[in-house]
Amino acid sequence: MFIRRAHMRNVLGVMALSHCMSASGSDLPVAAMTATLDRFENCELRGAARSTLTSTMLPESANQESIRNPETRDLLFRRSGQKALLSETVKVLGTPPAYLHTDYIFTNGDLLQIQATLDERREQVKSNDELAVLLHSERLAGRPERKDIPSVLAALNDSGLIFGVLGGHSLPAYLSASARITQSAEGAFVRLDSVSSLGHLTVSLDPGYGYLPRKLLLVKAGTDSMGERSVGEIRMAGDGKRWPAGSVRQLTWTAENIALANSSGVPYIKQVRLERKTFSEAGPVVTLTTDAEVTEAQFKPVFGEVAFTTTIAIPNHFDVTIVGAQQLPYEWNGSDVVPSVARVTGSGEAATGFGRPFLIVANVLLVLAIAAYLLFQRLAIKKST
């Protein structure tokens with residue numbers, strides 16, 4: 333059945349090319365790609381990513397060191413409608429190495445974020461100072477919180493492309509009705525050129541794989557949106573000597589030879605190498621190269637009761653920070669976030685350390701705002717130590 337549907341999409345794609353220069357000709361590829369990505373609303377995906385940062389300001393030896401020691405992360409994404417779990421485990425370089433594990437859990441319109449440090453055996457470090465629990469909730473904070481699933485997938489930096497998210501937005505968002513789109517044939521593929529307030533996207537779509545991209549080029553500058561802020565509002569977190577300083581002039585993403593695959597008849601992005609270049613107003617260029625791969629893919633799986641719960645151990649009465657309303661007293665009761673009844677344990681000590689949670693709050697706000705800024709800040713910190 334799925335083979336016949338895929339064949340029909342190929343036939344329709346060829347027919348659409350005969351109207352390649354018409355405004356309505358792009359509707360079919362966009363709708364087909366959107367329908368493909370919509371199947372991610374009931375799935376389980378596991379993946380891995382490696383990222384390296386280089387800069388024209390750094391000596392070649394420093395760039396080669398970054399290439400030899402990439403940032404690595406393991407990813408798990410489960411989703412059933414508006415309920416979802418995204419787990420990310422990032423390796424922190426050091427001797428011995430450690431890992432930073434984060435669970436994002438979407439339920440009842442809220443986003444619960446739990447972060448913990450793991451040791452070299454990937455076992456949780458038993459310290460309250462190495463644990464943080466935050467809740468993004470518009471109903472509690474009393475103000476809008478950007479907590480939708482695409483925004484958190486965007487916080488995975490460029491590895492989010494394997495989930496259909498790039499540059500702070502989903503791929504279909506770049507091809508919305510407000511975009512100026514031209515369409516043409518490119519061999520067996522459909523080429524779309526789209527200009528909108530999100531940027532300039534040129535993408536080659538494969539009709540045989542649900543109109544997913546085989547290659548793309550995305551350019552953003554000035555007022556183009558990166559999510560909650562524009563490109564012109566991004567500041568480089570450097571001192572201008574060891575790392576670029578000042579504002580960002582332009583961002584470009586390039587991906588060639590994107591590998592696609594099928595699981596139970598559902599197409600998905602299997603593997604991609606994405607190169608992002610950040611052009612600073614001062615001139616220096618920063619290059620982020622990300623290799624991301626989906627290692628396991630299941631669509632329409634049957635989830636058990638614990639599928640959308642965290643594996644991180646959280647002590648009872650652990651303080652929970654309500655993002656945007658940190659003054660509200662909430663705590664963890666063993667399975668959920670509840671109003672705090674007693675914020676002091678029997679020993680007279682608070683059930684959590686205050687240092688790390690408040691540091692994490694600042695970090696989270698940056699992560700959800702824009703992935704690029706976080707990367708620059710992280711490397712700037714490294715260079716100064």
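In my numbering, the protein residues as written are 333 to 717. Note that beta-carbon positions come from the ideal geometry of N, C-alpha and C, so glycine has one too.
request  = State the Cα-Cα distance for the pair residue 603 and residue 668, rounded to the nearest angstrom.
outcome  = 36 Å
ask   = Buried or exposed: where does residue 460 fall if 16 or more other Cβ atoms within 10 Å of its Cβ makes it buried?
value = buried
Residue environment, residue 434, which counts as buried when at least 16 other CB atoms sit within 10 Å = buried
inquiry  = For residue 354, count the other beta carbons within 10 Å of its own beta carbon; 16 or more makes it buried, fewer makes it exposed. Which is it?
reply    = Confidence is the limiting factor: at residue 354 the pLDDT is only 37, short of 50, which leaves the residue's position unreliable, though a coordinate-based value still follows. Classification of residue 354: exposed, given that the 10 Å Cβ count is below 16.
ask   = Which ranges would you report for the beta strand (DSSP E) in the region 498-542 if only whole runs of at least 3 residues count?
value = 512-518, 521-528, 531-538
request  = Using only alpha-carbon positions, find the residue among 557, 530, 536, 465 that is nearest to residue 663.
outcome  = 465
query = Going by C-alpha distance, which of 551, 520, 393, 548 is nearest residue 538?
reply = 520
key: Pairwise C-alpha distance: residue 573 and residue 443   = 39 Å
message = For residue 518 and residue 368, what's the separation of their Cα atoms in angstroms?
response = 21 Å
message = So the candidates are 608, 617, 623, 582; which of them puts its Cα closest to the Cα of residue 591?
response = 623
request  = In the DSSP assignment, find the beta strand (DSSP E) that holds residue 627 and state where it starts and stops.
outcome  = 617-631
Residue from 514, 467, 511 whose Cα sits closest to the Cα of residue 441 = 467
request  = Starting from residue 599, follow its DSSP beta bridges and name the residues at the other end.
outcome  = 594
ask   = For residue 639, which three-state DSSP category applies?
value = coil
inquiry  = Would the region 630-638 count as touching the region 593-611 if we require 3 or more Cβ pairs under 8 Å?
reply    = yes
task = Would you please state the rounded distance, in angstroms, between the beta carbons of residue 585 and residue 490? I believe it to be under 8 Å.
result = 7 Å
key: Selected residue, minimal CA-CA separation from residue 361, among 527, 642, 515   = 515
task = Measure how close the beta-carbons of residue 563 and residue 553 come, nearest whole angstrom, since I'm counting them as under 8 Å.
result = 6 Å
ask   = Does the beta-carbon of residue 474 have 16 or more other beta-carbons within 10 angstroms, so that it is buried, or is it exposed?
value = exposed
message = For a test of the three-state rule: what should DSSP assign to residue 393, helix, strand or coil?
response = helix
key: Between the CA atoms of residue 570 and residue 389 - distance to the nearest angstrom   = 11 Å
message = Here's a check: name, in chain order, each residue in its chain whose Cβ is nearer than 7 Å to the Cβ of residue 373, leaving out the five neighbours to either side.
response = 411, 413
query = Hey, residue 365 and residue 492 are a contact pair by Cβ (cut 8 Å); roughly how many whole angstroms apart?
reply = Rounded, the Cβ-Cβ distance is 16 Å, inconsistent with contact.
inquiry  = Does residue 364 come out as helix, strand or coil in the three-state DSSP assignment?
reply    = helix
request  = Could you spell out the range, first to last residue, of the beta strand (DSSP E) harbouring residue 470?
outcome  = No beta strand (DSSP E) contains residue 470, which is instead part of the alpha helix (DSSP H) from 470-473.
key: C-alpha gap between residue 651 and residue 665, whole angstroms   = 10 Å
query = Using the C-alpha atoms, what's the distance from residue 649 back to residue 756?
reply = No answer is possible for residue 756: it lies beyond the span of the chain, which begins at 333 and ends at 717.
inquiry  = Applying the 10 Å Cβ sphere with the 16-neighbour rule, what's the burial state of residue 457?
reply    = exposed
request  = For residue 563, name the three-state secondary structure that DSSP assigns.
outcome  = helix
inquiry  = Taking the alpha carbon of residue 379 as the reference point, which residue from 480, 504, 418, 370 has its own alpha carbon closest?
reply    = 418
Closest by C-alpha distance to residue 424, when choosing among 481, 661, 383 = 383
ask   = CB residue 386 to CB residue 395, shorter than 7 Å?
value = yes
key: residue 413 (DSSP reduced to helix, strand or coil)   = coil
key: Assigned exposure category for residue 618 - 16 Cβ within 10 Å defines buried   = buried
task = Ignore the nearest five residues each way along the sequence and tell me which others in residue 323's own chain have a CB closer than 8 Å to its CB.
result = Outside the displayed range of the chain (333 to 717) lies residue 323, so it cannot be described from this structure.
task = Under 8 Å by Cβ, that's how I've got residue 488 and residue 407 pegged, so tell me the actual separation to the nearest angstrom.
result = 7 Å
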